[in-house]
Amino acid sequence: MTAEPTDELDSFFAAQAPSPGRVAARPETESTAIAEFFNYWTSLPLRDGMPDASDFAPSAIVRWLPEVILFELNAPTVATYRLAGTAVVERLGHNPTGSNLIDLLPEERRAEAGRTLHEIALRPCGLHMRYVNNYSTGRIGQVESLYLPLRPPAGGKPRVIAMNTPAQTLAFEANRPRTTVVAGVTEVTWIDIGYGTPCGSQPRP
2 MTAEPTDELD SFFAAQAPSP GRVAARPETE STAIAEFFNY WTSLPLRDGM PDASDFAPSA
62 IVRWLPEVIL FELNAPTVAT YRLAGTAVVE RLGHNPTGSN LIDLLPEERR AEAGRTLHEI
122 ALRPCGLHMR YVNNYSTGRI GQVESLYLPL RPPAGGKPRV IAMNTPAQTL AFEANRPRTT
182 VVAGVTEVTW IDIGYGTPCG SQPRP
(Lines of atoms letter the chains of each structure in order from A and count residues from 1; the text may use other names and numbers.)
(Lines give C-alpha, C1' and ligand atoms only; values in the text may rest on other atoms or scores of the structure.)
Protein backbone atom coordinates (compact mmCIF):
# COMPACT_ATOMS: atom_id res chain seq x y z
CA MET A 1 0.00 0.00 0.00
CA THR A 2 1.18 3.54 -0.70
CA ALA A 3 0.15 4.83 2.71
CA GLU A 4 -1.30 3.56 5.93
CA PRO A 5 -5.06 4.15 6.07
CA THR A 6 -6.05 6.85 8.54
CA ASP A 7 -8.90 6.57 11.02
CA GLU A 8 -10.83 8.94 8.75
CA LEU A 9 -10.31 6.63 5.77
CA ASP A 10 -11.15 3.52 7.78
CA SER A 11 -14.46 5.09 8.83
CA PHE A 12 -15.12 6.21 5.27
CA PHE A 13 -14.44 2.73 3.85
CA ALA A 14 -16.73 1.18 6.45
CA ALA A 15 -19.56 3.54 5.55
CA GLN A 16 -19.25 3.67 1.76
CA ALA A 17 -19.18 0.80 -0.74
CA PRO A 18 -17.03 1.10 -3.87
CA SER A 19 -18.41 1.07 -7.40
CA PRO A 20 -19.90 -2.33 -8.26
CA GLY A 21 -18.51 -4.01 -11.36
CA ARG A 22 -16.96 -7.07 -12.86
CA VAL A 23 -13.28 -8.09 -12.69
CA ALA A 24 -10.68 -8.58 -15.43
CA ALA A 25 -6.91 -8.91 -15.65
CA ARG A 26 -6.59 -6.15 -18.25
CA PRO A 27 -8.93 -3.64 -19.90
CA GLU A 28 -11.09 -5.06 -22.66
CA THR A 29 -11.04 -2.15 -25.07
CA GLU A 30 -10.86 -1.15 -28.72
CA SER A 31 -9.08 2.07 -27.73
CA THR A 32 -5.45 2.08 -28.86
CA ALA A 33 -4.69 4.85 -26.34
CA ILE A 34 -5.98 2.85 -23.38
CA ALA A 35 -4.32 -0.38 -24.53
CA GLU A 36 -0.93 1.30 -25.04
CA PHE A 37 -1.27 3.18 -21.74
CA PHE A 38 -1.90 -0.07 -19.87
CA ASN A 39 0.94 -1.86 -21.63
CA TYR A 40 3.35 0.95 -20.79
CA TRP A 41 2.24 1.05 -17.14
CA THR A 42 2.74 -2.73 -16.78
CA SER A 43 6.19 -2.49 -18.41
CA LEU A 44 7.51 -0.28 -15.61
CA PRO A 45 9.23 -1.67 -12.48
CA LEU A 46 6.48 -2.41 -9.96
CA ARG A 47 6.91 -2.13 -6.21
CA ASP A 48 4.01 -3.43 -4.13
CA GLY A 49 1.88 -3.53 -7.25
CA MET A 50 2.56 -0.12 -8.80
CA PRO A 51 5.31 1.91 -10.46
CA ASP A 52 6.90 4.96 -8.88
CA ALA A 53 5.53 8.22 -10.24
CA SER A 54 9.11 9.22 -11.01
CA ASP A 55 9.46 6.22 -13.37
CA PHE A 56 6.45 7.21 -15.44
CA ALA A 57 7.88 9.03 -18.47
CA PRO A 58 5.30 11.14 -20.33
CA SER A 59 7.50 10.95 -23.43
CA ALA A 60 6.65 7.24 -23.70
CA ILE A 61 2.99 8.05 -24.40
CA VAL A 62 3.48 11.52 -25.87
CA ARG A 63 0.81 11.18 -28.55
CA TRP A 64 -1.81 10.38 -25.91
CA LEU A 65 -0.85 13.11 -23.39
CA PRO A 66 -3.80 15.36 -24.33
CA GLU A 67 -6.06 12.69 -22.78
CA VAL A 68 -4.07 12.06 -19.57
CA ILE A 69 -5.16 13.17 -16.08
CA LEU A 70 -3.16 12.88 -12.86
CA PHE A 71 -5.01 13.02 -9.54
CA GLU A 72 -3.72 13.42 -5.98
CA LEU A 73 -5.96 12.04 -3.23
CA ASN A 74 -5.97 14.54 -0.37
CA ALA A 75 -9.04 13.39 1.60
CA PRO A 76 -11.78 10.74 1.24
CA THR A 77 -13.71 12.91 -1.22
CA VAL A 78 -10.93 15.19 -2.48
CA ALA A 79 -9.18 14.09 -5.69
CA THR A 80 -7.16 17.09 -6.84
CA TYR A 81 -6.28 17.51 -10.50
CA ARG A 82 -2.49 17.78 -10.61
CA LEU A 83 -2.47 17.63 -14.40
CA ALA A 84 -5.10 17.61 -17.14
CA GLY A 85 -4.30 17.11 -20.81
CA THR A 86 -5.32 19.71 -23.36
CA ALA A 87 -8.12 17.57 -24.83
CA VAL A 88 -9.56 17.06 -21.35
CA VAL A 89 -9.43 20.81 -20.67
CA GLU A 90 -11.17 21.55 -23.97
CA ARG A 91 -14.03 19.13 -23.26
CA LEU A 92 -14.52 20.32 -19.68
CA GLY A 93 -14.62 23.94 -20.79
CA HIS A 94 -12.07 25.03 -18.19
CA ASN A 95 -8.67 24.04 -16.80
CA PRO A 96 -9.39 21.93 -13.70
CA THR A 97 -5.79 21.88 -12.38
CA GLY A 98 -5.87 22.39 -8.62
CA SER A 99 -9.60 21.73 -8.32
CA ASN A 100 -11.42 18.68 -6.97
CA LEU A 101 -12.72 16.09 -9.43
CA ILE A 102 -15.37 14.96 -6.93
CA ASP A 103 -17.02 18.39 -7.02
CA LEU A 104 -17.81 17.84 -10.73
CA LEU A 105 -19.80 14.66 -10.07
CA PRO A 106 -23.50 14.50 -9.21
CA GLU A 107 -23.82 14.74 -5.45
CA GLU A 108 -25.19 11.21 -5.15
CA ARG A 109 -22.07 9.73 -6.79
CA ARG A 110 -19.41 11.65 -4.87
CA ALA A 111 -18.80 9.38 -1.88
CA GLU A 112 -18.70 6.27 -4.10
CA ALA A 113 -16.19 7.97 -6.40
CA GLY A 114 -13.96 8.84 -3.45
CA ARG A 115 -14.03 5.26 -2.19
CA THR A 116 -13.32 3.94 -5.68
CA LEU A 117 -10.31 6.21 -6.25
CA HIS A 118 -8.84 5.26 -2.87
CA GLU A 119 -9.26 1.55 -3.69
CA ILE A 120 -7.24 2.11 -6.87
CA ALA A 121 -4.45 3.93 -5.05
CA LEU A 122 -4.25 1.99 -1.79
CA ARG A 123 -5.12 -1.61 -2.61
CA PRO A 124 -3.79 -1.19 -5.41
CA CYS A 125 -5.87 -2.08 -8.48
CA GLY A 126 -7.09 -0.55 -11.73
CA LEU A 127 -10.48 0.56 -12.96
CA HIS A 128 -11.83 0.61 -16.52
CA MET A 129 -15.01 2.64 -16.98
CA ARG A 130 -17.42 3.72 -19.69
CA TYR A 131 -19.64 6.62 -18.60
CA VAL A 132 -21.47 9.74 -19.70
CA ASN A 133 -20.43 13.37 -19.16
CA ASN A 134 -22.77 16.36 -19.53
CA TYR A 135 -20.59 19.21 -20.82
CA SER A 136 -21.17 22.92 -20.30
CA THR A 137 -21.49 23.33 -24.08
CA GLY A 138 -24.65 21.21 -24.03
CA ARG A 139 -22.89 18.20 -25.49
CA ILE A 140 -23.62 14.83 -23.88
CA GLY A 141 -20.67 12.54 -24.52
CA GLN A 142 -19.70 8.99 -23.71
CA VAL A 143 -16.17 8.58 -22.35
CA GLU A 144 -13.98 5.55 -21.75
CA SER A 145 -11.28 5.81 -19.06
CA LEU A 146 -8.65 3.63 -17.43
CA TYR A 147 -7.44 4.55 -13.93
CA LEU A 148 -4.19 3.14 -12.51
CA PRO A 149 -2.15 3.84 -9.35
CA LEU A 150 1.23 5.53 -9.13
CA ARG A 151 3.47 5.46 -6.07
CA PRO A 152 4.00 9.06 -4.91
CA PRO A 153 7.30 10.47 -3.65
CA ALA A 154 8.10 9.67 -0.01
CA GLY A 155 5.57 11.37 2.23
CA GLY A 156 3.34 12.30 -0.71
CA LYS A 157 -0.37 11.76 -1.10
CA PRO A 158 -1.67 8.75 -3.08
CA ARG A 159 -1.85 9.29 -6.84
CA VAL A 160 -4.02 7.94 -9.64
CA ILE A 161 -3.30 8.45 -13.33
CA ALA A 162 -6.01 8.13 -15.98
CA MET A 163 -6.17 7.77 -19.75
CA ASN A 164 -9.37 8.87 -21.46
CA THR A 165 -10.98 8.25 -24.84
CA PRO A 166 -14.01 10.29 -25.90
CA ALA A 167 -16.06 7.56 -27.56
CA GLN A 168 -19.03 9.37 -29.09
CA THR A 169 -21.45 12.26 -28.87
CA LEU A 170 -24.84 11.07 -27.69
CA ALA A 171 -26.84 14.30 -27.94
CA PHE A 172 -26.79 18.09 -27.76
CA GLU A 173 -28.87 20.13 -25.33
CA ALA A 174 -28.84 23.73 -24.10
CA ASN A 175 -25.65 25.11 -22.57
CA ARG A 176 -25.17 24.38 -18.86
CA PRO A 177 -23.57 26.46 -16.10
CA ARG A 178 -20.87 23.81 -15.67
CA THR A 179 -19.76 20.37 -16.79
CA THR A 180 -20.95 17.33 -14.84
CA VAL A 181 -18.72 14.28 -15.12
CA VAL A 182 -19.96 10.71 -14.61
CA ALA A 183 -23.57 11.84 -14.96
CA GLY A 184 -24.30 8.22 -15.89
CA VAL A 185 -22.32 4.98 -15.76
CA THR A 186 -22.42 2.46 -18.60
CA GLU A 187 -19.83 -0.12 -17.49
CA VAL A 188 -17.36 -0.65 -14.64
CA THR A 189 -14.57 -3.23 -14.71
CA TRP A 190 -12.07 -3.56 -11.88
CA ILE A 191 -8.58 -4.54 -13.09
CA ASP A 192 -6.83 -7.04 -10.82
CA ILE A 193 -3.10 -6.23 -10.92
CA GLY A 194 -2.21 -8.84 -8.33
CA TYR A 195 -3.78 -7.48 -5.15
CA GLY A 196 -7.42 -8.36 -5.70
CA THR A 197 -10.32 -5.93 -6.15
CA PRO A 198 -13.06 -4.70 -3.85
CA CYS A 199 -15.69 -6.75 -5.70
CA GLY A 200 -17.29 -9.73 -4.02
CA SER A 201 -15.83 -10.95 -0.75
CA GLN A 202 -12.22 -9.92 -1.37
CA PRO A 203 -10.98 -7.93 1.63
CA ARG A 204 -8.93 -4.77 1.36
CA PRO A 205 -5.32 -5.54 2.43
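First residue of the sequence shown? That's 2 in our numbering, and the numbers climb one at a time after it.
For every residue, glycine included, the Cβ atom is placed at its ideal position computed from N, Cα and C.
Pairing residue 163 with residue 151 gives a Cβ-Cβ distance that is not under 8 Å. Residue 72 counts as buried, since at least 16 other C-beta atoms from the protein chains shown sit within 10 angstroms of its C-beta. If one requires a minimum length of 4 residues, the alpha helix (DSSP H) runs lying completely within the segment 83 to 148 are 87 to 93, 111 to 123, in chain order. For residue 42, the enclosing alpha helix (DSSP H) covers residues 33 to 44. Taken through DSSP and simplified to helix, strand or coil, residue 21 comes out as coil. Each of 175, 182, 51, 46 was checked against the Cα of residue 130, and the nearest Cα belongs to 182.
Between residue 137 and residue 199, the CB-CB gap reaches or exceeds 8 Å. Within the DSSP secondary-structure output, residue 188 pairs in a beta bridge with 131. Spatial neighbours of residue 113 in its own chain (CB-CB distance under 8 Å, excluding positions within 5 residues in sequence) are listed in chain order as 17, 18, 19, 20.
Each residue's CA atom was taken as its position, placing residue 155 and residue 12 some 25 Å apart.
Here residue 68 is buried. Its C-beta has 16 or more other C-beta atoms within 10 Å.
For the pair residue 132 and residue 186, the CB atoms are nearer than the 8 Å cut-off. Residue 39 and residue 27 have their C-alpha atoms roughly 8 Å apart. Assignment of residue 66 by DSSP, reduced to helix, strand and coil, places it in the helix class.
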